[in-house]
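Here the structure comes first, spelled out in structure tokens, and everything after it is commentary.
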Amino acid sequence: MTQTDFDHWAHQRQQHIEQVLAAQLPKAGSQPVRLHDAMRYAVLGGGKRVRPLLTYAAGAINGAAPAVLDRAAAAVELIHAYSLVHDDLPCMDDDVLRRGKPTVHVEFDEATAMLVGDGLQALAFEQLSTPLEIAPATQLAMLHTLAQAAGSHGMVGGRAIDLAAVGQALSLPELEQMHIRKTGALIRAAVTLGRLAGAAPSDDENIRLDHFAKCIGLAFQVVDDVLDAESSSATLGKTAGKDAAHAKPTYVSLLGLKQARELAAELQADAIGSLAAFGERALHLRQLAQFIVSRSF
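Counting from -5, one number per residue, gives the positions in the sequence shown under the numbering used here.
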């Protein structure tokens, strides 16, 4: 499959998940109007949809049903969107730009932004708790996976460590542990949800897929740190340079740009290597690993 073929596949999946999300979100203009309009504003019309793409690609390995993958992909993207809304609030990162447009609390107000995040989180779990044509035990495992990834041992816990680390000097292992939770947990969940949605893989395949997801989750964060350091706000669609401005420990502040880029490449190679046993079934996962790292270099 050529790069053009991958671009076509990714574009189709991005358009499809946009339609799925639009259908699952509260209808525009429905009561309470301001909240529902803000929820749609926060989710639709922006973002690369990396997490849904990972879910679809992982699900393709073992023939997952499209309807189940749609629900899983929507759920993980709704959790991601809620986290961005809350991250941008004045009490957190105090950012005014996201995906090239004003952040939710700027476009609406802070109280509405808080409620948007709450609503999107609940809607995410609604996606996975509605009747699905899979075994009840599998559906429960999917719910458990998302809950763990989003909670205090996952994304939220990583965010708490991130806030506490402002102005502090972290070691590389400490930084890695923070980002395994903050960024990596939801990316690993995206792959796991896709895997669970299909025929049960072997234990060895589970280990290989989870290792892929762990590596690519860390690579995603390394690239984000590089982009924040060397790209413009116009290119990023969000405020550039805020990590340094807020004295946050990052891979760039710890390693420098050159070594951070090298680390991203090493993580990408490790991730792709773990997929060797899957052959062509994992082609889209391998291409997504390349896409994630090539966002900046």
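Glycine residues also receive a C-beta, built at the ideal position from the N, C-alpha and C atoms.
Exercise for review: State the Cα-Cα distance for the pair G145 and T177, rounded to the nearest angstrom.
Suggested key: 12 Å
Review point. Which of helix, strand or coil does DSSP assign to R45?
Key: helix
Practice item. Compute the Euclidean distance between the alpha carbons of A223 and K242, then round it to the nearest angstrom. Key: 12 Å
Point to revise | The alpha helix (DSSP H) enclosing R202, as first and last residue numbers | key: D197 to E224
Practice item. Please confirm whether V246 and D204 have their CB atoms less than 7 Å apart. Key: no
**Study point:** Three-state secondary structure assigned by DSSP to L157
**Key:** helix
Check your understanding: Which first and last residues belong to the alpha helix (DSSP H) in which H278 is found?
Key -> L277 to V287
Review point. How big is the Cα-Cα spacing for Q284 and Q25?
Key: 43 Å
**Study point:** Beta-carbon gap between L122 and M108 smaller than 7 Å
**Key:** no
Practice item. Name the residue from H240, A258, A66 and G113 whose alpha carbon lies nearest to the alpha carbon of D87. Key: H240
Review point. Does DSSP put A183 in a helix, a strand or coil?
Key: helix
**Study point:** Boundaries of the alpha helix (DSSP H) in which E170 is found, first to last residue
**Key:** L166 to K176
Exercise for review: Starting from the N-terminal side, write out each stretch of the beta strand (DSSP E) that is 3 residues or longer and does not extend beyond the segment 49 to 125.
Suggested key: none
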